[in-house]
Amino acid sequence: MEDTEKTEEIQVIAPTDKVTDENWEPKIIAFLCNWCSYAGADLAGVSRIQYPPNVRVVRVPCSGRINPLFILKSLQVGWDSVLVSGCHPGDCHYISGNYYARRKFSVLDDLFEFMGIDKGRVNFSWVSAAEGAAFANIIEKVTEKTRKLGPNRLFKEL
Amino acid sequence: MEQIKKSLNEIVKSLISEKKVEYVFGFEEGTLPLKSVPLYIEKEEDIDRMIWNEYCNLNLVKFLLEEPHGKKIGIILKNCEIRSLIVLINENQINREDIVIIGVPCSYGIIDFNKVSKLIGGKEFTEFKKNGNDYTFKGVDFEKTIKLQDILSNSCVYCKDKNPVEYDYLVEAPIEFKTIQEEDIDEYLDVIEFEKKKPKERWEYFKKELEKCTLCMACRESCPLCYCKVCFIDSNQPQWFDKTEDLSEKLLFHMTRAIHLAGRCIMCEACTRACPEGINIHLLYKKLRKMSKDRWNADKIELGDPSVLGSYKIDDPQEFMVKED
Ligand code: SF4
Ligand code: SF4
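As they're listed, the protein sequences go chains A and B. For the first sequence, this note's numbering begins at 3 and goes up steadily by one. For the second sequence, this note's numbering begins at 70 and goes up steadily by one.
Dropping the structure here:
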């Protein structure tokens, strides 16, 4: 049996208007680690903490799984900014994944700085499973930052 | 140069005649003026073809990667190239026991043809003459004399240690060898200067430079540290790269490559010299080397060191993290 209700819903949310600078809303892709940040986001939801709806979540096993290429590719295909979040140092489920991740993040961060690209487009944070409020707060901050930077034309103006 | 040549000949001859190695990697004269090509020295006759001079400017270590393990191979290397070999040994790509390193102390360094070509206006030269440190290039309708310091590879301009750090045989060289510039300059001077520019200028610079890139992959192919069997750019499952000429693709390639080389690049600058468009692509990698020094104090490479991204310290700096307030 076809789920008609669902089809309708999809049609309703399909974009009808063309995105212009006026009605533009930041779109943020968030890579969250399964054990801490994703659970943190879950807690924020369960606790009904309000945060901007601009973020789309990708669950990854560990922040160490994040290849910097994922981040660059996300920006290339048009996400306005990227957030990567993992467990606090010392809390990694796989013991040291986030330490390795931190080194990769610093490379990316310095590379952006060096090439003169807005650093606000890539964000890294540590959020534990107990920090629902912190997660909401970080999303707010990142959304605000992205809103100030405007639509991501980084790779498009090229 | 004469002394080096003589000592080098003796070492290679003894290695070959005593069958200590299967062959030795060196250079021979190329078909164009001021060009060298790699030479496999298998027999004693081959030694006569061997050359050693300031235009032996390929990184031969790249060729070792294609050789099977367990084969004894000799190779003639300068210090920067020895550093790249050390990285490969640390990354378990090459066995130290397989390689006989013939280390040559560097005099002034090697020539960057992109610099020559810029100075002679992109024209082709058919002849050159050398007189001390003056190089005279002659073409169909021009003749120009250029000083060696103007065409030295940047790697040599900023090079600090010209004596091999790891070797099995050391070539004898006259002791008066030193750098060509009078004052002592910082190893990372070009990066520091570049960092002083405004972000906008830096971005414009990279945009302008990468506009020229044709994605020919010469930089990747010449780099001894780019040894993946399938590069992410060639992979089609998943396909990261759309194989178009778009500048965003070039940016994606070069930024990712820089990340892959972060802290590993040993500043031989084979990449910059190989680039047919004359892009100073090495600047990115050099920056990341400087970063490893600033952040993790890890810019010197020694045998047995872990790779920079494959290791960590509990208290690595993390000032860039977004924090809640
Ligand atoms: S990136 Fe360039 S300078 Fe660095 S190791 Fe590779 S070829 Fe040499
Ligand atoms: S060698 Fe030069 S033109 Fe070729 S891919 Fe590298 S930077 Fe681009």
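All residues carry an ideal CB built from backbone N, CA and C; glycine is no exception.
List the residues that DSSP assigns as beta-bridge partners of C35/A. V62/A
Any C-beta of chain B within less than 7 Å: which residues of the segment 131 to 150 of chain A qualify? A136, N139, I140, K143 and V144
Helix, strand or coil at N202/B according to DSSP, with G and I counted as helix: coil
Please tell me whether R333/B has its Cβ less than 7 Å away from any Cβ of chain A. no
I want to check one thing, is the minimum distance from the CB of Y354/B to the heavy atoms of ligand 1 below 6 Å? yes
Quick one: is R326/B near chain A, going by C-beta distance under 7 Å? no
Tell me, please, whether the CB atom of V14/A is closer than 7 Å to any CB atom in chain B? Confidence in V14/A is poor, its pLDDT being 44 and thus under 50, which makes the residue's placement unreliable; the coordinate value appears in the next sentence. Answer no: the Cβ-Cβ gap between V14/A and chain B never drops below 7 Å.
Is any non-hydrogen atom of ligand 2 found closer than 6 Å to the C-beta of L284/B, if you look at the structure I gave you? yes
What is the DSSP secondary structure of F157/A, reduced to helix, strand or coil? coil
Any non-hydrogen atom of ligand 1 within 6 Å of L129/B CB: no
Which residues, in order along the segment 56 to 85 of chain A, keep a beta-carbon less than 8 Å from a beta-carbon of chain B? P70, L71, L74, K75, Q78 and L85
Is the beta carbon of A287/B within less than 6 Å of some heavy atom of ligand 2? yes
V48/A, buried or exposed, once every other Cβ within 10 Å from all chains shown has been counted against 16: exposed
Going by the C-beta, is I220/B closer than 6 Å to any heavy atom of ligand 2? no
Can you name the residues of chain A whose CB is closer than 8 Å to the CB of Y362/B? Residue identity check: residue 362/B is Lys in the sequence provided, not Tyr. The premise fails here: K362/B is roughly 12 Å from chain A at the closest Cβ pair, so nothing lies under 8 Å.
Given that P375/B touches chain A, what residues does it touch there, using C-beta distances under 8 Å? None at all; the shortest Cβ gap to chain A is about 11 Å.
Examine ligand 3 and report whether any of its heavy atoms sits within less than 6 Å of the Cβ of A46/A. Annotation note on ligand 3: not contained in the displayed structure, which lists ligand 1 and ligand 2 as its ligands.
Look at the alpha carbon of V57/A and the alpha carbon of E150/B, and state the distance between them as a whole number of angstroms. 47 Å
Could you tell me if G379/B is buried or exposed, where buried requires 16 or more neighbouring beta carbons within 10 angstroms of its beta carbon? exposed
Can you give me the Cβ contacts of K150/A inside the same chain, cut-off strictly under 8 Å, excluding the 5 residues immediately before and after it? G122
Within its chain, find whatever has a CB closer than 8 Å to the CB of S83/B; leave out the 5 residues flanking it on each side and keep chain order. K89
Going by other Cβ atoms of all chains shown within 10 Å of its Cβ, with 16 needed for buried, is T9/A buried or exposed? Because T9/A sits at a pLDDT of 47, beneath the cut-off of 50, its placement in the model cannot be relied upon, and the following sentence gives the value as read from the coordinates. The residue in question, T9/A, is exposed, as its Cβ has fewer than 16 Cβ neighbours within 10 Å.
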